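Residue numbers (this note's numbering): 59 to 605.
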């Protein structure tokens, strides 16, 4: 786990601000720090990095990386999975001083320019400063697994791996009413560039941004639609099916290649079950350590070590959340996940693999917590003030069918990017690094291309793959909230206090307070209530709770 921060502009105390920004994300590896500050156009540029590489095969070098041969300064959070292949190509033109992926990024950018991003397989947020052209480049990986936030403040540009680092630099902290309204009413996480904070933006997944000291320009460097079209037009159905099987195997193996121990969480969904099945039949099976904290999986997964997530665990995590949440969290799932991450770290595991993404891309049945964005029914909990500020989500139609377009929306705009951001932050809080093998660019593109090319539904294609290559059927069960099960352990009283605080907070005008108290009483008295809506209110209070 690592993090990056930067400041560009006419800032006298730039070194002090960089230190403050890194201090705010010391959980990402605060003991291992590097700084670089220099002039930039008519102002100054400062970049800093904390953390170390996770790979046991890669040389750990100090970042920001100063490459005198290319005249580039590079800082990066993440992994370039194919950096050795790229290095072999680039050795024909450059001399390498280290065996690190960050130096490969430097040489690749100098050799191929911005097109080098298309050649990189991996998850990354990177910043490159070209001292020859005085151009600063910021870029994120194809699906935004690694976060990168930015803002302009008093004519200066600030960027960081976490929103909290921008606040530490002196940027004003103010929740976005419009974004929270859209989330509370529609379950929407908003446009790809937005966050839950006013004037704080995220660089969209698969995008890059250039800054020349005077203006910012942004463009997409990756197009899922283009890759899908290339696959459909260039390969037969049989070839696509063979590629699918190979990609599943390759992606899982790559996630475990360069570590001596890898944690794997088992849940009742197809994603972790398939990840586990491929992993234990691969050459790296001896590295896999499985565990579960899910009620449905304990007892049904004899190979997974059970970890009981008690009400006491839940209260501890919920209290901590006000210090690290930067947007809504996914109810009891986020609590359980963070507890398991902490346990994995205490057990000596630095890396945990997750199958996130597979379920949304391949299944035809959607969870109750997932949304169809084509309708909206107002909820009486919210006031007219809140309803008027909410923006109805909309999406582009690229694939010609509602299911494919909604899945693209989930992947690029809505639920999966949100899950990835919360994963990144909760993993950093616990001190582990999370890898997402199924969010590989080619594998995702195949999940869209095969239904188009074969005229088969996604579920049928997936079941055929599992039956042919794994001789089994992987069942899917919908996970349930653990919140009601924690009630008797003090969570009931804690939730009541949080809703009381929300009713007295600066956003009380967003609610019909009487309805808010009715929801509180229903929960405390074990009466039916909307648990998903309750979690939304708790998430809002937690974000408001930090002083």
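We treat Cβ as the ideally placed atom computed from N, Cα and C, and that holds for glycine.
Because the structure is a prediction, the values reported are computed rather than measured.
Distance, residue 542 Cα to residue 163 Cα: C-alpha separation (whole angstroms): 48 Å.
Which of helix, strand or coil DSSP assigns to residue 396: Three-state result, residue 396: helix.
Option in 94, 338 and 216 with minimal Cα separation from residue 230: Ranking 94, 338 and 216 by CA distance to the CA of residue 230 puts 216 first.
Same chain, Cβ closer than 7 Å to residue 225, five either side skipped, listed in chain order: Result list for residue 225: 231, in chain order.
Residue 320 and residue 347 closer than 8 Å at C-beta: The Cβ-Cβ distance between residue 320 and residue 347 falls below 8 Å.
Residue 412 and residue 481 closer than 8 Å at C-beta: With respect to the 8 Å criterion, residue 412 and residue 481 are classified as neighbours on the basis of their beta carbons.
Residue 174 beta carbon near the ligand MG (any heavy atom closer than 7 Å): Absence of the ligand MG from the depicted structure is noted, as is the absence of any ligand whatsoever, leaving it without description.
Residue 215 - partner residues in DSSP beta bridges: The partner list for residue 215 (beta bridge, DSSP) reads 66 and 210.
Rounded C-alpha distance that separates residue 559 from residue 599: When rounded, the separation of the alpha-carbon atoms in residue 559 and residue 599 is 7 Å.
As assigned by DSSP and simplified to three states, the class of residue 39: Outside the modelled stretch of the chain, which goes from 59 to 605, sits residue 39, for which no answer is possible.
Segment limits, alpha helix (DSSP H) that includes residue 378: Looking at the DSSP string, the run of the alpha helix (DSSP H) that includes residue 378 is 369–379.
Straight-line Cα distance separating residue 75 from residue 62: Cα-Cα distance, rounded: 13 Å.
Beta-carbon gap between residue 104 and residue 72 smaller than 8 Å: Their beta carbons are under 8 Å apart, which means residue 104 touches residue 72 by this criterion.
First through last residue of the alpha helix (DSSP H) which encompasses residue 499: Segment 499–512, the alpha helix (DSSP H) holding residue 499.
Length of the line joining the Cα atoms of residue 594 and residue 189: In this structure, the CA atom of residue 594 is about 46 Å from the CA atom of residue 189.
Three-state secondary structure (DSSP) of residue 99: Three-state DSSP puts residue 99 in coil, outside helix and strand.
Inter-stretch contact at 8 Å, needing at least 3 Cβ pairs: the segment 234–253 / the segment 166–176: Counting C-beta pairs closer than 8 Å gives fewer than three between the segment 234–253 and the segment 166–176, which falls short of the contact rule.
Residue 322 and residue 339 closer than 8 Å at C-beta: Against a cut-off of 8 Å, the Cβ pair of residue 339 and residue 322 comes out as no contact.
Residue closest to residue 169, alpha-carbon to alpha-carbon, out of 129, 135 and 444: Distances from the CA of residue 169 to each of 129, 135 and 444 were compared; the closest alpha carbon is that of 129.
Exposure label - residue 292; buried when at least 16 CB within 10 Å: Residue 292 comes out exposed.
Euclidean distance between Cα positions of residue 382 and residue 597: Roughly 12 Å between the two C-alpha positions.
Contiguous beta strand (DSSP E) assignments of at least 3 residues, all confined to the segment 235–277: Those beta strand (DSSP E) runs which fall completely within the segment 235–277 and span 3+ residues are 265–269.
Reference residue 118, options 102, 327, 156 and 396, closest by Cα: Nearest option by C-alpha distance: 156.
Where residue 444 falls, given that 16 or more other Cβ within 10 Å makes a residue buried: Buried.
Short Cβ contact (8 Å threshold) for residue 394 with residue 414: The Cβ atoms of residue 394 and residue 414 lie no closer than 8 Å to each other.
Proximity winner among 108, 529, 551 and 570, relative to residue 336 (alpha-carbon distances): Minimum Cα distance to residue 336 is reached at 529.
Option nearest residue 545 by Cα separation, candidates 371, 409 and 288: Nearest in C-alpha terms to residue 545, of all of 371, 409 and 288, is 371.
Through-space distance from residue 100 to residue 306, alpha-carbon basis: Looking at the backbone, the Cα of residue 306 and that of residue 100 are separated by about 49 Å.
Anticipated Cβ contact below 8 Å, residue 136 with residue 182, distance rounded: Indeed, because the Cβ distance is near 3 Å, the residues count as touching under 8 Å.
For residue 328, the nearest candidate out of 88, 583, 441 and 520 (CA to CA): Answer by Cα proximity: 520.
Cα-Cα separation between residue 287 and residue 578, rounded to whole angstroms: Approximately 50 Å, taken between the alpha carbons.
Minimum length 3: unbroken beta strand (DSSP E) runs contained in the segment 75–148: Whole beta strand (DSSP E) segments, 3+ residues: 91–98, 101–109, 123–125 and 130–138.
Residue nearest to residue 570 in terms of C-alpha spacing, selected from 510, 557 and 68: The shortest Cα separation from residue 570 among 510, 557 and 68 belongs to 557.
Close beta carbons around residue 430, own chain, < 6 Å, minus the five adjacent residues each side: Annotation note: pLDDT 44 at residue 430 (below 50); position unreliable, coordinate value reported separately. Once the five neighbours on either side are set aside, residue 430 has no close Cβ partner at all.
Reduced DSSP secondary structure (H/G/I, E/B, other) of residue 193: DSSP places residue 193 in strand when its eight states are reduced to three.
Within 8 Å, strictly: CB atoms of residue 198 and residue 264: Residue 198 is a Cβ neighbour of residue 264, given a cutoff of 8 Å.
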